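Counting in this note's numbering, the sequence shown runs from 52 upward without gaps. Every residue gets a Cβ at the ideal spot worked out from N, C-alpha and C, and that includes glycine. Since this is a predicted model, take the numbers as computed values, not measurements.
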Amino acid sequence: MPGSEEAHAIDAGSDPAGLPIGPGSLTWRLLGDRRQLLFLGRTGTLQNMHPAVGAALQDHSNFFDDPWDRLMRSIPQILGVIYDAPQAGTAIKVRDYHKSLKGTDPKGRRYHALNPDVFWWTHATFIETLIAMEEYFGTGLTAAEKDQLIAEGITWWQQYGLSMSPTLTDYTEFTVYWDRMLAMGLESNATTDYAVSATSRKIPPPPGVPALLWTAVQRPVTAFNVWLLTALMPERGREILELSWTRRDQAAFRVFAGVVRRAWPLVPERVRYFPRAYDNIQRVRAERRAA
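Written out as structure tokens, the structure reads:
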């Protein structure tokens, strides 16, 4: 379901029902949480299952040579959209990185990364990950909190300056959209095949990890990450990617999730948050004390 070749400007006169995403918001509290690292494989793979996103990675990135590069560049920038001071204009910078990402996918369908429907899918996966993170590894969110996250996601989306046409009003609408995408909008491709077969591939070491050490640990590390990707993947996503999941796997995952759920509140705040998030949380606290 790739988008059309051209991006669209923001709709004139649109008035989405957004909520603030600054300090005190759910997005502010959750997006910078390092538990999101547990979702890296799952979130990235769901994004790449969109035909346009998968094609853009194949055509315009070094994904297959260095899959860590996209993660290391993307995570800080997405965090910056929420945590950086507004005058930094981080969202516009993120949007503009995608201006030249267009072409034709392997099935002959034209795509543009800034088509709102394409960009909204990647945005939606970040919102859904926050909900899933609390469901699997936290205390869960109430129905009202899920609606709040969707509304905050609208305000987050507005910062990119794209058409508001894909936006949704509440979690019920979001669920309908999410299920429709899983049913009809996603597919396996070269990028997803690469991710789910990582155990059998030679992958360069992550930044900061010595090559010799990585040689020794790559297989168990990648095997665990593929297992975790499969654990967190929606059932329909497993079907599309032909991922096997057994009752024994599910039992082991329940134990793993329970350990994370109990241990995480004991971790110091500085460790629980990514540096870019923690630094800006501290900045806001300092500003409030000085006011």
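The beta carbon of residue 128 is closer than 6 Å to those of 145 in its chain, skipping five residues each way along the sequence.
With a 10 Å radius around the Cβ and a threshold of 16 neighbouring Cβ atoms, residue 253 comes out exposed.
Closest in C-alpha terms to residue 256, from the list 118, 318, 72, comes 118.
Counted as a single uninterrupted DSSP element, the alpha helix (DSSP H) harbouring residue 329 occupies residues 326-341. Shortest Cα-Cα distance from residue 105 to any of 272, 321, 242, 297 involves 242. Contact between residue 291 and residue 207 does not hold, since the beta-carbon distance rounds to 27 Å and is not under 8 Å.
DSSP places residue 154 in the strand class (E or B) of the three-state scheme.
Annotation for residue 72: 78, 79, 133, 203, 206, 207 place their beta carbon closer than 7 Å to its own, counting only its chain and skipping 5 residues before and after. Beta-bridge partners of residue 84 (DSSP): 324. Minimum Cα-Cα distance from residue 155 among the listed residues 120, 121, 103, 195 corresponds to 103. If you draw a 10 Å sphere on the C-beta of residue 274, you find fewer than 16 other C-beta atoms in it, and that means exposed. Under DSSP, the beta-bridge partners assigned to residue 162 are 154. Under DSSP, residue 181 shares a beta bridge with no residue. Under DSSP, residue 108 shares a beta bridge with no residue. In the three-state DSSP reduction, residue 317 falls in the helix class (H, G or I). In this structure, residue 98 lies near residue 176, with their beta-carbon atoms less than 8 Å apart. Remark: C-beta atoms of residue 93 and residue 315 do not approach each other more closely than 8 Å. Residue 130 sits in a helix when the DSSP states are folded into three classes. Note that the C-beta distance between residue 182 and residue 200 is below 8 Å. The C-beta distance from residue 233 to residue 285 rounds to 6 Å, short enough to meet the 8 Å contact threshold.
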